[in-house]
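**Q** Mind having a look at this structure? Questions to follow.
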Amino acid sequence: MMLLALACLVLATTVGVAPSMRIERRASIRVRDGPTDILAIAADIELFAACIHSGLSTAHAATAVASVSENEQWRSVQALLAIGVGAGRAWEPMRGIEGLGELAALATMSERSGGALSTGCERIVDKLRNDTAHAATAAAERAGVLIALPLAVCYLPAFFILGLAPTVISLGATMLN
Numbered sequence: 001m002m003l004l005a006l007a008c009l010v011l012a013t014t015v016g017v018a019p020s021m022r023i024e025r026r027a028s029i030r031v032r033d034g035p036t037d038i039l040a041i042a043a044d045i046e047l048f049a050a051c052i053h054s055g056l057s058t059a060h061a062a063t064a065v066a067s068v069s070e071n072e073q074w075r076s077v078q079a080l081l082a083i084g085v086g087a088g089r090a091w092e093p094m095r096g097i098e099g100l101g102e103l104a105a106l107a108t109m110s111e112r113s114g115g116a117l118s119t120g121c122e123r124i125v126d127k128l129r130n131d132t133a134h135a136a137t138a139a140a141e142r143a144g145v146l147i148a149l150p151l152a153v154c155y156l157p158a159f160f161i162l163g164l165a166p167t168v169i170s171l172g173a174t175m176l177n
């Protein structure tokens, strides 16, 4: 009886502590790593490209995207562009984030050379969406393999025991007689 009470106490302590540690660790990873929704980033870049294509300046396009985006980096870029900071420094908050880093490099090069920004944005969006589609397909294929694994673990031994074992035993019995 005492052993059962001790086991329940240990279990309650472990269950009570482990989820909170897991939540804190996951939250700290999300804050440090930045946005993880690649499709939202692609939508932001697509909106930016549409604004540029319609004739807005880079600063006004960034303002339009910052007003609807959940990504804080857009607000930083918009604020820096609004006060007249050069593109190299203004787009710095986006470097290191998938998709946005490529946009930052493209915007910096476009300011220096005058290259078309909207077509480059469309290429970035296409790449992000294709990468996301490939990642989703790979995850679905992995799930299919993982779903089939328990079936193999259950049915393969049953096949050996119920299908092959009687056959081998009967063949062995007839060969020995």
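So the sequence shown is numbered by the UniProt record's numbering: it starts at 1 and just counts up by one. Backbone N, C-alpha and C define an ideal beta-carbon position, used for all residues, glycine too.
1. Going straight from the alpha carbon of G88 to that of T108, what length do you get?
2. If you scan the region 29 to 73 from start to end, which runs of the beta strand (DSSP E) of 3 or more residues do you find wholly inside it?
3. Cβ-heavy atom distance between V85 and the ligand MN below 7 Å?
4. Just the C-alpha distance for T46 and A139, rounded to the nearest angstrom, thanks.
5. Using C-beta distances below 7 Å, list every residue in its chain close to E24, excluding the 5 sequence neighbours before and after it, in chain order.
6. Give me the Cα-Cα distance between A104 and G86, rounded to the nearest whole angstrom.
7. Tell me which residues share the same chain as E102 and place their Cβ nearer than 7 Å to its Cβ, disregarding the 5 neighbours each side in the sequence.
8. Decide yes or no for the touch test of the region 63 to 70 against the region 155 to 162: beta carbon pairs closer than 8 Å, at least 3 of them.
9. Count the other C-beta atoms from every protein chain shown that fall within 10 angstroms of the C-beta of P93, then say buried if there are 16 or more, exposed otherwise.
10. Tell me where the alpha helix (DSSP H) around A139 begins and ends.
11. By the three-class DSSP mapping on this structure, what secondary structure does I97 have?
12. Would L128 and L117 qualify as a contact pair, given that the criterion is a beta-carbon distance under 8 Å?
13. Report the rounded CA-to-CA distance for Q78 versus A133, giving the unit in angstroms.
**A** Taking the definition as stated:
1. 5 Å
2. none
3. The ligand MN is not part of the structure shown, which contains no ligands of any sort.
4. At residue 46 the sequence reads Glu, which differs from the Thr that was named. Those two C-alpha atoms are separated by around 25 Å.
5. Note that E24 scores 42 on pLDDT, short of 50, meaning its location in the model is unreliable and no value can be drawn from it.
6. 12 Å
7. Contacts found: I124.
8. No, because fewer than three Cβ pairs between the region 63 to 70 and the region 155 to 162 fall closer than 8 Å, the two stretches do not touch.
9. Label assigned to P93: buried.
10. L117 to F159
11. coil
12. In this structure, the beta-carbon distance from L128 to L117 does not fall below 8 Å.
13. 30 Å
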